[in-house]
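**Student:**
In the numbering used here, the protein residues as written are 36 to 313.
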């Protein structure tokens with residue numbers, strides 16, 4: 036009796052997932068045209084789009100093509116027009132680990148996410164990239180952290196401001212701790228997401244212009260953004276302490292949401308005064 040593959044076997048799940056996504060595609064819309072008895076693309080058409088041989092693609096669907104490289108998996112995900120969630124699942128069933136996050140090439144955030152930021156009227160919140168470029172913020176962040184709207188887009192980077200802007204440095208109650216945290220998370224997120232032209236340029240600039248950044252970078256510290264506490268010195272109300280938390284944004288692996296909640300009642304009162312609350 037011939038052995039049949041276990042339906043829960045990783046190779047078989049991988050092949051079944053490829054086959055399912057292949058059959059969902061619209062051949063005519065992708066330029067292959069003609070009426071077909073079966074839906075979707077043919078195997079040779081997917082192989083053509085992914086720049087691999089038809090024989091190997093057929094083996095992959097059958098669960099006997101061996102473990103493909105991340106580059107091939109990315110090619111397959113693109114050929115099969117997968118979403119980010121589907122791409123991640125493809126990597127997990129193929130090689131047992133998620134892909135490195137890559138930026139979708141979009142700037143800014145959705146209107147829905149901006150409305151969420153704006154709803155936090157007395158809680159500063161920002162959205163940042165892995166390189167600590169700020170791409171969105173709310174009014175509370177403008178009043179307490181930085182008026183990002185007043186800055187050119189290239190200057191809305193937390194690392195650059197922390198190491199190159201004296202006013203930002205002076206606003207930190209413990210600059211060394213904050214700076215070390217930023218450098219460690221920048222290192223970790225650059226490794227996770229893969230080095231981009233932006234992160235490479237930022238690293239070169241800061242190494243050249245800030246001896247303190249260069250010193251911290253050579254320490255090789257690595258941290259996740261996670262959560263913690265941050266105290267700033269505000270010109271109008273004095274010191275404010277926040278408990279900060281970071282959140283992943285579904286469908287945008289290039290971004291993180293940072294929320295700064297007043298730590299104590301006295302900090303909340305200062306935020307009410309700044310934001311004009313009762």
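No residue lacks a Cβ here, since even glycine has one placed at the ideal position from N, Cα and C.
Computed from a predicted structure; not experimentally measured.
(1) Assign residue 81 to one of three DSSP states: helix, strand, or coil.
(2) Could you please give me the residues that DSSP links to residue 294 through a beta bridge?
(3) Closest to residue 180 by C-alpha separation, out of 77, 251, 271, would be which residue?
(4) Tell me where the beta strand (DSSP E) around residue 269 begins and ends.
(5) Please classify residue 230: is it buried, with 16 or more other beta-carbons within 10 angstroms of its beta-carbon, or exposed?
(6) So, do the region 203 to 212 and the region 258 to 276 have three or more beta carbon pairs nearer to each other than 8 Å?
(7) Among the residues of its own chain, which have a CB less than 6 Å from the CB of residue 100, if the five just before and after it don't count?
(8) Give the range of the beta strand (DSSP E) segment to which residue 170 is assigned.
(9) Which residue wins for smallest C-alpha separation from residue 276, given the options 295, 164, 285?
(10) Taking CB distances under 7 Å as the criterion, tell me whether residue 105 reaches chain D.
(11) Who are residue 58's beta bridge partners in DSSP?
(12) Can you give me the C-alpha to C-alpha distance between residue 8 and residue 183, rounded to a whole angstrom?
(13) Is residue 146 helix, strand or coil by DSSP?
(14) Tell me where the alpha helix (DSSP H) around residue 87 begins and ends.
(15) What residues in its chain sit with their C-beta under 8 Å from that of residue 192, if we drop five residues either side in the sequence?
(16) Expressed to the nearest angstrom, what Euclidean distance is found between the alpha-carbon atoms of residue 216 and residue 152?
(17) Considering only C-alpha positions, which residue in the set 143, 258, 177 is nearest to residue 218?
(18) Relative to the C-alpha of residue 56, which residue among 155, 214, 125 is closest?
(19) Below 8 Å on the Cβ atoms is my guess for residue 114 versus residue 147; work out the distance and round it to an integer in Å.
(20) Return the bridge partner residues of residue 207 from the DSSP annotation.
(21) On a Cα-Cα basis, can you pick out the residue from 264, 273, 176 that is closest to residue 280?
(22) Return the chain-ordered ranges of every alpha helix (DSSP H) run that is complete within the region 202 to 252 and spans a minimum of 4 residues.
(23) Sorted by chain position, which residues of the same chain lie with C-beta nearer than 8 Å to residue 190's C-beta, five sequence neighbours on each side aside?
(24) I'd like to know whether the C-beta atoms of residue 118 and residue 289 end up nearer to each other than 7 Å.
(25) Could you tell me the alpha carbon to alpha carbon distance between residue 48 and residue 98, rounded to whole angstroms?
(26) Identify which residue in 120, 225, 104 has its Cα closest to the Cα of residue 286.
(27) Out of 150, 81, 89, point me to the one whose CA is closest to residue 116's CA.
**Tutor:** In terms of the structure at hand:
(1) Three-state result, residue 81: helix.
(2) BP columns for residue 294 point to 160, 280.
(3) Here the closest residue by C-alpha is 271.
(4) 262 to 269 is the extent of the beta strand (DSSP E) around residue 269.
(5) Classification of residue 230: exposed, given that the 10 Å Cβ count is below 16.
(6) Yes: at least three Cβ pairs fall under 8 Å.
(7) Taken in chain order, the residues that qualify are 91, 94.
(8) Counting along the chain, the beta strand (DSSP E) containing residue 170 begins and ends at 169 to 172.
(9) For the residues 295, 164, 285, the minimum Cα distance to residue 276 belongs to 295.
(10) Here chain D cannot be found, since the structure has a single protein chain.
(11) None, per the DSSP bridge assignment.
(12) The requested residue 8 is not part of the displayed model; the chain covers only 36 to 313.
(13) Helix.
(14) Neither: residue 87 is in no alpha helix (DSSP H) and is coded neither H nor E.
(15) In the same chain as residue 192, and ignoring 5 residues on each side of it, the C-beta atoms closer than 8 Å to its own belong to 166, 167, 168, 169, 237, in chain order.
(16) Their backbone Cα atoms lie some 24 Å apart in a straight line.
(17) Looking at the Cα atoms, 258 is the closest of the given residues.
(18) When only C-alpha atoms are compared, the closest one is 125.
(19) So it is not a contact: roughly 30 Å between Cβ atoms.
(20) Beta-bridge annotation (DSSP): residue 207 is paired with 267.
(21) Of the listed residues, the one whose Cα sits closest to residue 280 is 264.
(22) Within the region 202 to 252, the runs of alpha helix (DSSP H) that reach at least 4 residues and sit entirely inside it are, in chain order, 210 to 228, 232 to 244, 246 to 252.
(23) Its chain contains 196 as the residues whose beta carbon lies nearer than 8 Å to that of residue 190, once the 5 sequence neighbours on both sides are disregarded; these appear in chain order.
(24) Against a cut-off of 7 Å, the Cβ pair of residue 289 and residue 118 comes out as no contact.
(25) Rounded to the nearest angstrom, the two C-alpha atoms are 8 Å apart.
(26) Ranking 120, 225, 104 by Cα distance to residue 286 puts 120 first.
(27) The option with the nearest alpha carbon to residue 116 is 81.
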